[in-house]
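Peer 1: This is the structure, below, for whatever I ask next.
In my numbering, the protein residues as written are 164 to 325.
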């Protein structure tokens, strides 16, 4: 995606290349409209260059395109599909980052479990809690207790209402 944006900003990409490289985003972005907007991007860069003291000779990074659209709000309005694609580009995490985070969390949890002498079978539970902390924060212990009680009358009789 970044290669496609940089090439388009420098005027070095065809409409067929755009559609081929970004086909996986066709459910989110109108590729025909995006192709037209990418052709117009070079014009917006020229307009931006007239207004800044240090003009951009060649775009080498996607962040340069982001700076241009941020510095010129009218360009952002004229290029909504490019803006949407940049938002996707900036919000999609790198694939390896998730795996690295998972292994880092696992190493910390295993160290913690060794130091506390916790039974080994709880490793999976602790890993899940640590990796999915954002989901765990949304769980209401009151709601869990009520659902637990509602499963059977024996539980309700033994534990009572929460």
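Even for Gly, the Cβ is constructed at its ideal location relative to N, Cα and C.
(1) Within this structure, are the beta carbons of residue 272 and residue 299 separated by less than 7 Å?
(2) So residue 194 and residue 167 are in contact, right, with Cβ under 8 Å, and what is the actual spacing, rounded?
(3) Give the DSSP-derived three-state secondary structure of residue 295 in the structure shown.
(4) What number of angstroms, rounded off, separates the C-alpha of residue 171 from the C-alpha of residue 268?
(5) Return yes when the Cβ of residue 165 is within less than 7 Å of the Cβ of residue 225, no when it is not.
(6) Identify which residue in 242, 227, 275 and 200 has its Cα closest to the Cα of residue 212.
(7) In chain order, what residues of the same chain lie with their CB nearer than 8 Å to the CB of residue 173, ignoring the 5 residues before and after it?
(8) From residue 293 to residue 274, what does the alpha carbon distance come to, in whole angstroms?
(9) Can you tell me the Cβ-Cβ gap for residue 197 and residue 248, rounded? I've got them flagged as a contact below 8 Å.
(10) With respect to the alpha helix (DSSP H) encompassing residue 249, which residues constitute its N-terminal and C-terminal limits?
(11) Quick check on the burial criterion: 16 or more other C-beta atoms within 10 angstroms. Buried or exposed for residue 238?
(12) According to DSSP, is residue 166 part of a helix, a strand, or is it coil?
Peer 2: In terms of the structure at hand:
(1) no
(2) Incorrect: roughly 11 Å between the Cβ atoms, too far for contact.
(3) coil
(4) 40 Å
(5) yes
(6) 227
(7) 205, 221 and 222
(8) 13 Å
(9) 7 Å
(10) 243–254
(11) buried
(12) helix
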